[in-house]
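Numbering (the numbering used here), first residue to last: 364 to 454.
We put the CB at the ideal spot given by N, CA and C, even for glycine.
Note that the structure is predicted; figures quoted are calculated from it, not measured.
Let me begin by presenting the structure, written as structure tokens, before commenting on it.
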């Protein structure tokens, strides 16, 4: 099966796609929301750095788990939709 056939059709299991997208959005939102909140709390410098690092590592792990849950066809489906949206505004 070539990649063109994979990207053109929607993945078979819909719940895996939804769960993967939820995890992917969480992996983006976790550092964007969590790190400023940790900095605003007023912890010590070492504690702030440790918690911020844990949030970044956790976000990366969630991103990898999201791709694993979606599978190859789900990731290709999402990637195709995102790039087709961005292609409208690109050069």
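Cα atoms of residue 435 and residue 426: separation of roughly 14 Å, rounded to the nearest angstrom. One Cα belongs to residue 415, the other to residue 387, and the distance between them is close to 19 Å.
The three-state secondary structure of residue 406, taken from DSSP, is coil.
Residue 418 sits away from residue 405, with the two beta carbons spaced by 8 Å or more. Within the stretch 395-452, the complete alpha helix (DSSP H) runs of at least 4 residues fall at 408-450. Separation of residue 446 and residue 378 (C-alpha to C-alpha, rounded to the nearest whole angstrom) is 22 Å. In the same chain as residue 432, and ignoring 5 residues on each side of it, the C-beta atoms closer than 6 Å to its own belong to 379, 382 and 383, in chain order. Here DSSP, grouped into helix, strand and coil, assigns residue 376 to coil.
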